[in-house]
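Asker: Here the protein sequences line up with chains D and Y, keeping their order.
If you're matching positions, the first sequence starts at 106 in the working numbering and goes up one per residue.
If you're matching positions, the second sequence starts at -10 in the working numbering and goes up one per residue.
Just so it is clear, CB atoms sit at the ideal spot from N, CA and C, and this is done for glycine as well.
The structure is given below, and queries will be raised subsequently.
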Amino acid sequence: MTVELLSANHAAALAATQAGRANRKGRGFVSGVYPITPSTECMEFLCQQSFDKGRVVRVESEHSAMGVCIGGASAGARTFTATSSNGLAYMYENCIAAAMLRLPVVMAVANRTLGPPWNIWADHGDALTLRDHGLIQFYCADNQELFDTVLAAFRLAEDKRVLMPVMVNMEGFILSHTVAQTDVPDQAQVDDFLPPADIPHRMNHAAHTLGQIEIPHQTEMHRWQHHQAMLEVPKIYAEVRSEFEKVFARRLADAVEPYRADDAETLIVSMGTIGLTAERVVDACRANGRRVGAVRVRLYRPLPGEAIRALFAGRKAVAVIDRDISLSTGGILWQDVRGLAAPETVVQGYMAGLGGGDVRPEQIEKMLADLAPRKTAGAPAVMEAV
Amino acid sequence: MNEPVLGGMASTALDRSEPIFRKGNTNCGGCGMSITLQALRHAAGEHSVQLIIPACCGAVAGGTFPQSTFGVPTLMTTFACSPAAASGAAAVAAMNGEDTRVICFAGDGGTFDIGFASLSAAAERNEDILFLCYDNEIYGNTGGQRSSATPAGAVTTNTPEGKPEQKKDILAVMAAHRIPYAASISLAHAEDAHRKLKHALNLRGFRFLHALSPCPTGWKSEPALGLELVRLAVRSGLFPVYEIFDGKRHVVNIEPDFSDEALDMYLSLQRRFQKSGLTAADLRPAIDRYWQNLRSLSGRIVPARRQE
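Shown next as structure tokens:
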């Protein structure tokens, strides 16, 4: 184990590199990459690594970047790519193809606003457009968590009960370009944690066709199987966490991370780096004797509904903060979790930091002030800085 | 199997024991794609082969899950990315020391149009892929719309008066990538096609093959006449059959006789040209210009059209 000073982009790439090298005894590592701000540094770092049994293919588009991963995974390799924003949108079709083909592609996404008008700053709206198609999604809050989650993503994706792509999200610039000390394991540890990938339906010597035509009842059955497999993911992720802890002797963040929530009357729910700001607000509230707690949703798809429901039970009010907006209906996380609370709990949606604006403690304080007198939830609101 | 179109060649001891494209497929009668795949079977021998097929009639021809008419490991990709997916598969084959031939098998849409960026990039990277385009000059799966491979004058469902623009010269475009091998193949000239398929299968690096693939449904022609139509297209000079090595050396493989009779026959046997009323005289100047250029590239000092 060494400690390295890494940006989150580089941390994701280094985790993917170690995972790729760990598959040298399997069928190797393949990555298709294409630059886009703010995930470019991730692919640049990957392109500077050497692999005994691996290749990074510098393609002409994000669509082809995922295409390379689909071809590589179909041939049995461990695969990785990284992108952002419009790149993800351009890749969208192949992300869905990878999911429907049940290929364990891992991708890092530096979340960025979709355009034009061009805006290179953070917004979760890019990744959230892919929530419904059988990809697993994690949202990370710091460099170490991102590094660890990328490693864990390979183990989870390649589990035979799972076999689906995993997106590991970090907010563009806010996290992707933040440089922090990161514990980096030895290759031998990663080898222990990630045994050679075995993709059971890969192309081998048999006359076997992947992705051929299905008629409606077959598709319905496959969607249902995929749905059931996704429902198992929180349980399998718990296994991955205990494996991770055994090999690396440190904790891997949970699917949902509560913070000083045990006796809280009010919860602040969010994803990504906003969650850490919310924790500072919670500290300030607690210092004044206010019973406020925070919940950070890390695993967004599949949504760990039971865990969130249990955390919501008995609360007076919940503020859900989205760095995204589903135009005409409001924050996407809010819409997903509002039904998990009892009717007497007020679950109010707030949107903040859309298009990459800072989300400051003052804004979250403002949300709490807005929430306190509410007897019922109102329309979701954008909460500007003071 | 003893298809007359292959002159009985498909039943030799050199043939692959299992067909690449099996019986029970859903192709229309007279489909050139079926013939292309039988020719591929014969040339492939016992090579380990993987097929990467983008959305196209080939993706449908395999039939419905869980059966497949493809007799080799096959991956169906999205429309625009078969060369990218093939790049991934070829990389894995190479790093595992496997002597697998990764073959993209795509229609003209997945080659000339939506697949072109991915194709051009894979060619530029000189990926170890054989890209085989069966060009039926139309979007067949969707019911027959124009592509950039559709020739001028052809009626399609979205060019009801006949397509005004000329067909894209894909072979010249691919040669401009300076890939090891690019060639057009005529399904009506089985021996030449067989030689080129074999050559392309044995080479490494990016190889591009372009087959004119009759589509009775889209061309509004008799299914039994498909190969005759290809023969007429070759004979008249409309479909030049040649190969390009490393983007430099051009070799004409089949000499046309530039017969206007053959060209008129080619046009009149397909109802897609009926409305525009194209005749040999309309097409001849462009054919002559193409061949003058091809002659100069191939270093043959022969007039485009033989003096009678």
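1. Inspect the beta-carbon positions of Leu108 of chain Y and Phe94 of chain Y and report whether they are closer than 8 angstroms.
2. In the DSSP assignment, the alpha helix (DSSP H) including Glu470 of chain D goes from what residue to what residue?
3. Spatial neighbours of His229 of chain D within its chain, please: C-beta separation below 6 angstroms, excluding the five flanking residues on both sides.
4. Roughly how many whole angstroms lie between the Cα atoms of Asp451 of chain D and Pro409 of chain D?
5. Taking 8 angstroms as the CB-CB limit, is Gly192 of chain D close to chain Y?
6. Ignoring anything shorter than 4 residues or poking outside the stretch 264 to 320 of chain D, list the alpha helix (DSSP H) runs there in chain order.
7. Counting only Cβ-Cβ distances shorter than 7 angstroms, please list the residues of the stretch 56 to 88 of chain Y near chain C, keeping chain order.
8. Would a C-beta distance cut-off of 8 angstroms place Thr314 of chain D and Phe59 of chain Y closer than the cut-off?
9. Would you mind working out which of D:Asn248, D:Ile304, D:Ala262 sits nearest Ala285 of chain D, comparing C-alpha positions?
10. Considering just the uninterrupted stretch of the alpha helix (DSSP H) at Ile276 of chain Y, what are its terminal residues?
11. Would you say Met196 of chain D and Glu167 of chain D are within 8 angstroms of each other, going by their C-beta atoms?
12. Using only alpha-carbon positions, find the residue among D:Arg160, D:Gln153, D:Val400, D:Ala203 that is nearest to Asp368 of chain D.
13. So Val138 of chain D and Arg160 of chain D are supposed to be a Cβ contact under 8 angstroms. How far apart are they, rounded?
14. Where does Glu297 of chain Y land, buried or exposed, given buried means 16+ other C-beta within 10 angstroms?
15. Comparing C-alpha positions only, which one of D:Tyr455, D:Ala484, D:Arg266 sits nearest to Leu372 of chain D?
16. Taking DSSP as the reference, what is the three-state secondary structure of Pro221 of chain D?
17. So, helix, strand or coil for Cys70 of chain Y, using DSSP?
18. Tell me which residues share the same chain as Glu250 of chain D and place their Cβ nearer than 6 angstroms to its Cβ, disregarding the 5 neighbours each side in the sequence.
19. Straight-line CA distance for Met163 of chain Y to Phe197 of chain Y?
20. Just the Cα atoms here: how many angstroms apart are Gly51 of chain Y and Gln317 of chain D?
21. Taking CB distances under 8 angstroms as the criterion, tell me whether Ala121 of chain D reaches chain Y.
22. Between which residues of its own chain and Arg30 of chain Y is the CB-CB distance below 6 angstroms, once the five residues before and five after are set aside?
23. Quick one, which residues of the stretch 28 to 56 of chain Y are near chain D if we go by CB-CB under 8 angstroms, in chain order?
24. Apart from the five residues on each side of it in sequence, which residues of its chain come closer than 6 angstroms, Cβ to Cβ, to Val(-6) of chain Y?
25. Just the Cα atoms here: how many angstroms apart are Phe262 of chain Y and Leu160 of chain Y?
26. Alpha carbons only, please: which of D:Val173, D:Asp231, D:Ala293 is nearest the one belonging to Gly460 of chain D?
27. Have a look at D:Leu261, D:Val352, D:Glu350, D:Leu381 and flag the residue whose alpha-carbon is nearest the alpha-carbon of Arg365 of chain D.
28. Considering Cα atoms alone, identify which of D:Trp223, D:Asn191, D:Val352, D:Pro478 is closest to Asp291 of chain D.
29. Taking Gly142 of chain Y as the reference, give the member of Y:Arg135, Y:Ser136, Y:Gln134, Y:Gly151 with the closest Cα.
30. Short of 7 angstroms in beta carbon distance, which residues of its chain neighbour Gly132 of chain Y, apart from the five on each side in sequence? Order them along the chain.
31. Does the Cβ of Met(-10) of chain Y have 16 or more other Cβ atoms within 10 Å, making it buried, or fewer, making it exposed?
32. If I'm right that Ala343 of chain D touches Gly77 of chain Y with Cβ under 8 angstroms, what's the distance once you round it to whole angstroms?
33. Whose C-beta lies closer than 6 angstroms to the C-beta of Gly(-4) of chain Y among residues of the same chain, with five residues either side of it excluded?
34. Return the residues of the stretch 95 to 124 of chain Y that lie within a Cβ-Cβ distance of less than 9 angstroms from chain D, sorted by chain order.
35. So the beta strand (DSSP E) Thr371 of chain D belongs to, where does it begin and stop?
36. Could you tell me which residues DSSP puts in a beta bridge with Glu362 of chain D?
Answerer: Based on what the coordinates show:
1. Against a cut-off of 8 angstroms, the Cβ pair of Phe94 of chain Y and Leu108 of chain Y comes out as no contact.
2. Unbroken alpha helix (DSSP H) run through Glu470 of chain D: 466 to 476.
3. Taken in chain order, the residues that qualify are Asn216, Arg428, Asp429.
4. One detail in the question is off: residue 451 of chain D reads as Val in this sequence, not Asp. So the two alpha carbons sit approximately 20 angstroms from each other.
5. For Gly192 of chain D, the answer is no, since every Cβ of chain Y falls outside 8 angstroms of its Cβ.
6. Runs found: 292 to 298.
7. In the displayed structure, chain C is absent; the protein chains listed are D and Y.
8. A contact, by the Cβ cut-off of 8 angstroms.
9. Closest by alpha carbon: D:Asn248.
10. That run of the alpha helix (DSSP H) goes 269 to 287.
11. In contact: Met196 of chain D and Glu167 of chain D (Cβ atoms closer than 8 angstroms).
12. Comparing Cα-Cα distances from Asp368 of chain D to each of D:Arg160, D:Gln153, D:Val400, D:Ala203, the minimum goes to D:Val400.
13. Contact check for Val138 of chain D and Arg160 of chain D: beta-carbon distance about 11 angstroms, past the 8 angstroms limit, so the pair fails to qualify.
14. Caution applies to Glu297 of chain Y, whose pLDDT of 49 falls short of 50 and renders its modelled position unreliable; the value that the coordinates give is listed next. Here Glu297 of chain Y is exposed. Its C-beta has fewer than 16 other C-beta atoms within 10 Å.
15. In terms of Cα proximity to Leu372 of chain D, the closest of D:Tyr455, D:Ala484, D:Arg266 is D:Tyr455.
16. Shown here, Pro221 of chain D sits in coil according to DSSP, grouped into three states, outside any helix or strand.
17. Looking at Cys70 of chain Y - three-state DSSP - the assignment turns out to be coil, as it is neither helix nor strand.
18. Excluding residues within five positions, the ones whose Cβ falls inside 6 angstroms are Ala358.
19. Each residue's Cα considered, the two are about 7 angstroms apart.
20. The straight-line gap from Cα to Cα measures roughly 7 angstroms.
21. Ala121 of chain D does not count as touching chain Y.
22. Within the same chain, Cβ atoms closer than 6 angstroms to the Cβ of Arg30 of chain Y are found at Arg5, Pro8, Ile9, the five residues on either side in sequence being excluded.
23. Cβ contacts with chain D come from Ser37, Gln39, Ile41, Ala48, Val49, Gly51, Gly52, Thr53, Phe54.
24. Annotation note: pLDDT 48 at Val(-6) of chain Y (below 50); position unreliable, coordinate value reported separately. Around Val(-6) of chain Y: Ile24, Leu216.
25. Phe262 of chain Y and Leu160 of chain Y: Cα-Cα distance of roughly 24 angstroms.
26. Minimum Cα distance to Gly460 of chain D is reached at D:Asp231.
27. If we check each option's Cα against that of Arg365 of chain D, D:Leu381 comes out closest.
28. Considering only D:Trp223, D:Asn191, D:Val352, D:Pro478, the residue with the shortest C-alpha distance to Asp291 of chain D is D:Val352.
29. The candidate whose alpha carbon is nearest that of Gly142 of chain Y is Y:Gly151.
30. Thr146.
31. Model confidence at Met(-10) of chain Y stands at a pLDDT of 38, short of 50, so the residue's coordinates are unreliable and nothing is read from them.
32. Between Ala343 of chain D and Gly77 of chain Y, the beta carbon gap of about 32 angstroms keeps them out of contact (Cβ cut-off 8 angstroms).
33. Note that Gly(-4) of chain Y scores a pLDDT of 45, beneath 50, so its modelled location is shaky; the value from the coordinates is reported in the next line. Around Gly(-4) of chain Y: Ala179.
34. Of all residues in the stretch 95 to 124 of chain Y, the ones placed with a Cβ closer than 9 angstroms to any Cβ belonging to chain D are Ala106, Ser107, Ser109, Ala110, Ala111, Glu113, Arg114, Glu116, in chain order.
35. 371 to 375 is the span of the beta strand (DSSP E), which, as asked, contains Thr371 of chain D.
36. Paired residue(s): D:Arg401.
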